[in-house]
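**Student:**
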Amino acid sequence: MVTDQYHLCVTRADKIALQRRLGLDSLEQLYNLANRLGVTRSHQEQIAGSGSERQAPAFAAERLTLREDPATTVFTREGDEYLRRHFGVDARTRRHLEEIAFHLSHTETAIMYRARVLGLRRWCKYWQAEKIIAWTGLSETRLRELGVDFYPCLDRDGQLAVTLVSTSSLMRLIAFDMAADQPEDEEPEQRTGSSANHHAELVAAGADGFLLAELADLRREIDSGSDPWERSRWVSHGHVCLNPWAGLSFMLFDDGRDHKVPARGLHPSDLHPSLLSEF
3 MVTDQYHLCV TRADKIALQR RLGLDSLEQL YNLANRLGVT RSHQEQIAGS
53 GSERQAPAFA AERLTLREDP ATTVFTREGD EYLRRHFGVD ARTRRHLEEI
103 AFHLSHTETA IMYRARVLGL RRWCKYWQAE KIIAWTGLSE TRLRELGVDF
153 YPCLDRDGQL AVTLVSTSSL MRLIAFDMAA DQPEDEEPEQ RTGSSANHHA
203 ELVAAGADGF LLAELADLRR EIDSGSDPWE RSRWVSHGHV CLNPWAGLSF
253 MLFDDGRDHK VPARGLHPSD LHPSLLSEF
């Protein structure tokens, strides 16, 4: 735990929280252990040494298959304080959502959902395809059959940089408040239509409950008539830039406030491989 998480402790409060989780008697014990393990370098120094922060355990692909039940998940005040400190634009303390989730022993989707509840983020318009495939439990082929829109995006060199999935198309899969929204005397097929079948398929496939809750909440928000979206279509659920034409900003922290980010006006469909000749 010290090897994997000490570098995620930026403030004294973070280190005290880790010390308590480890059952150590003092911060000095934690520091001495971290020093013996050679993990007392700063976060930026560790990145420089490893070549990429995304090689850390927090970003392991298998973590996408972890699940938490929204009905039983408990968020602590201490965890909320850590989330508020590190999910933001302050370069001194900000951490990737994956790292925050790893440190707090939660799934990425649970912390994503909690960050929105705490007012730290809004709904994103696009998701990285590999995460949606893992979180729904369905293949890309099946998701396409169900009407989910995929957008492969080329970078400025004409290479495939990222494939995105639109939130609006994901919402077609979600049936929510079915009993409340429809007359009780109708048959299930009449009450819910195809979305009920899709919802049942998602549940059977082991879809992530917090992802489904995120989409259901969004649908309610849209029905209320408000504008629920992030400032930029290219801002991810973890506040990183998904635009491969944004130069050095691609996959770095971005909450949509920086209007100088290149190519902000592009749409994912503008970067489709079929347009390679135009590039």
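Okay, so the sequence shown: first residue is 3 according to my numbering, each after it adds one. For every residue, glycine included, the Cβ atom is placed at its ideal position computed from N, Cα and C.
Nearest to Val41 by alpha carbon, out of Gly227, Gly121, Ala202, Val12?
**Tutor:** Locating residue 41 in the sequence shown gives position 39, where the first residue counts as 1. Cα-wise, what sits closest to Val41 is Val12.
**Student:** Could you give the first and the last residue of the continuous beta strand (DSSP E) run that contains Phe152?
**Tutor:** Here residue 152 corresponds to residue number 150 of the sequence shown, with the count starting at 1. Where Phe152 is concerned, the enclosing beta strand (DSSP E) stretches over 152-156.
**Student:** According to DSSP, is Val119 helix, strand or coil?
**Tutor:** The residue you call residue 119 lines up with position 117 of the sequence shown. Reduced to three states, the DSSP call for Val119 is helix.
**Student:** Skipping 5 residues on each side, what residues in its chain have a beta carbon closer than 7 Å to that of Glu186?
**Tutor:** Translated into positions along the sequence shown, residue 186 becomes position 184. Only weak support is given to the placement of Glu186: the predicted model assigns it a pLDDT of 36, under 50, and the value that follows is read from those uncertain coordinates. If we look at Glu186 and ignore the five residues flanking it on each side, it has no Cβ neighbours.
**Student:** Can you tell me where the beta strand (DSSP E) holding Ser279 begins and where it ends?
**Tutor:** In the sequence shown, residue 279 corresponds to position 277, counting from 1. Run containing Ser279: none; DSSP gives neither H nor E here.
**Student:** When DSSP labels each residue in this structure, what does Ser228 get in the three-state scheme?
**Tutor:** Reading the sequence shown from its first residue, position 226 is the one you call residue 228. Looking at Ser228 - three-state DSSP - the assignment turns out to be coil, as it is neither helix nor strand.
**Student:** Decide if His98 is buried, meaning its Cβ has at least 16 other Cβ atoms within 10 Å, or exposed.
**Tutor:** Mapped onto the sequence shown, residue 98 falls at position 96. With 16 or more Cβ atoms within 10 Å of its Cβ, His98 is classed as buried.
**Student:** Using a Cβ-Cβ cutoff of less than 7 Å, which residues in the same chain neighbour Glu191 once the five nearest sequence positions on both sides are dropped?
**Tutor:** Numbered from its first residue, the sequence shown carries residue 191 at position 189. Residue placement at Glu191 is poorly supported in this model, since its pLDDT is 36, which falls under 50; the coordinates are not used for a value here.
**Student:** Check for me: the beta strand (DSSP E) holding Ser168 runs from which residue to which?
**Tutor:** To locate residue 168, count along the sequence shown from 1; it is residue 166. Start and end: 162-168.
**Student:** Run through the DSSP bridge pairs and tell me what Val242 is partnered with.
**Tutor:** Here residue 242 corresponds to residue number 240 of the sequence shown, with the count starting at 1. For Val242, which the question treats as bridged, DSSP gives the partners Phe255.
**Student:** Measure the CB-CB distance between Val242 and Gly258 and report whether it falls below 8 Å.
**Tutor:** Residue 242 sits at position 240 when you count from the first residue of the sequence shown. Residue 258 sits at position 256 when you count from the first residue of the sequence shown. Result no, Cβ atoms of Val242 and Gly258 do not sit closer than 8 Å.
**Student:** Among Trp137, Gly267, Phe255, Asp272, which one has its Cα closest to the Cα of Glu1?
**Tutor:** Residue 1 is absent from the structure shown; the chain starts at 3 and stops at 281.
**Student:** Which partner residues of Tyr128 appear in the DSSP bridge assignment?
**Tutor:** By 1-based counting over the sequence shown, the position of residue 128 is 126. Looking at the DSSP assignment, Tyr128 forms a beta bridge with Ser168.
**Student:** By how many angstroms is the C-alpha of Asp210 removed from the C-alpha of Ser141?
**Tutor:** Counted from its first residue, the sequence shown places residue 141 at position 139. Counted from its first residue, the sequence shown places residue 210 at position 208. Each residue's alpha carbon lies about 14 Å from the other.
**Student:** Indicate whether Leu68 and Ala117 have their beta-carbon atoms separated by less than 8 Å.
**Tutor:** Locating residue 68 in the sequence shown gives position 66, where the first residue counts as 1. Locating residue 117 in the sequence shown gives position 115, where the first residue counts as 1. Going by C-beta atoms, Leu68 is not nearer than 8 Å to Ala117.
**Student:** For Val237, which of helix, strand or coil comes out of DSSP?
**Tutor:** Residue 237 sits at position 235 when you count from the first residue of the sequence shown. Looking at Val237 - three-state DSSP - the assignment turns out to be strand.
**Student:** Which residues bound the alpha helix (DSSP H) around His88?
**Tutor:** For the purposes of this step, residue 88 is taken as residue 86 along the sequence shown, with counting starting at 1. Element bounds for His88: 79-88.
**Student:** Do you know how far the Cα of Ser234 is from the Cα of Arg266?
**Tutor:** Position 264 of the sequence shown holds residue 266. Position 232 of the sequence shown holds residue 234. Looking at the two C-alpha atoms, the distance is approximately 8 Å.
**Student:** So Asp92 packs on Leu120, CB below 8 Å; how close in whole Å?
**Tutor:** Reading the sequence shown from its first residue, position 90 is the one you call residue 92. Reading the sequence shown from its first residue, position 118 is the one you call residue 120. That pair is no contact at about 16 Å.
**Student:** Consult DSSP for Gly282 and reduce its assignment to one of helix, strand or coil.
**Tutor:** Any question about residue 282 goes unanswered here, given that the chain covers just 3 to 281.
**Student:** Rounded to whole angstroms, what's the CA-CA distance from Asp229 to Ala218? Just pull it up for me.
**Tutor:** Here residue 229 refers to the residue found at position 227 of the sequence shown. Here residue 218 refers to the residue found at position 216 of the sequence shown. Rounded to the nearest angstrom, the two C-alpha atoms are 15 Å apart.
**Student:** Please work out which residues of its chain come closer than 8 Å, Cβ to Cβ, to Gln46, disregarding the five sequence neighbours upstream and downstream, and give them in chain order.
**Tutor:** As a first step, residue 46 is located in the sequence shown; it is residue number 44 there, counting from the start. With a pLDDT of only 45 at Gln46, under 50, the local geometry of the prediction cannot be trusted, and the value read off the model is given with reservation. There are no such residues.
**Student:** Could you tell me the distance, in whole angstroms, from the CA atom of Val167 to the CA atom of Pro154?
**Tutor:** As a position in the sequence shown, residue 167 is number 165, starting the count at 1. As a position in the sequence shown, residue 154 is number 152, starting the count at 1. The alpha-carbon atoms of Val167 and Pro154 are separated by roughly 9 Å.
**Student:** By alpha-carbon positions, which one of His274, Thr74, Arg96 ends up nearest to Leu122?
**Tutor:** For the purposes of this step, residue 122 is taken as residue 120 along the sequence shown, with counting starting at 1. Nearest C-alpha to Leu122: Arg96.
**Student:** With 16 as the cutoff for other CB atoms within 10 Å, does Val164 come out buried or exposed?
**Tutor:** Numbered from 1 along the sequence shown, position 162 holds the residue referred to as residue 164. When all chains shown are included, Val164 counts as buried.
**Student:** Determine whether the beta carbon atoms of His62 and Phe212 lie at a separation below 8 Å.
**Tutor:** Translated into the one-based positions of the sequence shown, residue 62 becomes position 60. Translated into the one-based positions of the sequence shown, residue 212 becomes position 210. Sequence inspection shows Ala at residue 62; the His mentioned does not correspond to that position. Cβ atoms of Ala62 and Phe212: not closer than 8 Å.
**Student:** Within the continuous alpha helix (DSSP H) that includes Glu147, where are the two ends?
**Tutor:** By one-based count along the sequence shown, residue 147 stands at place 145. 142-147 is the span of the alpha helix (DSSP H), which, as asked, contains Glu147.
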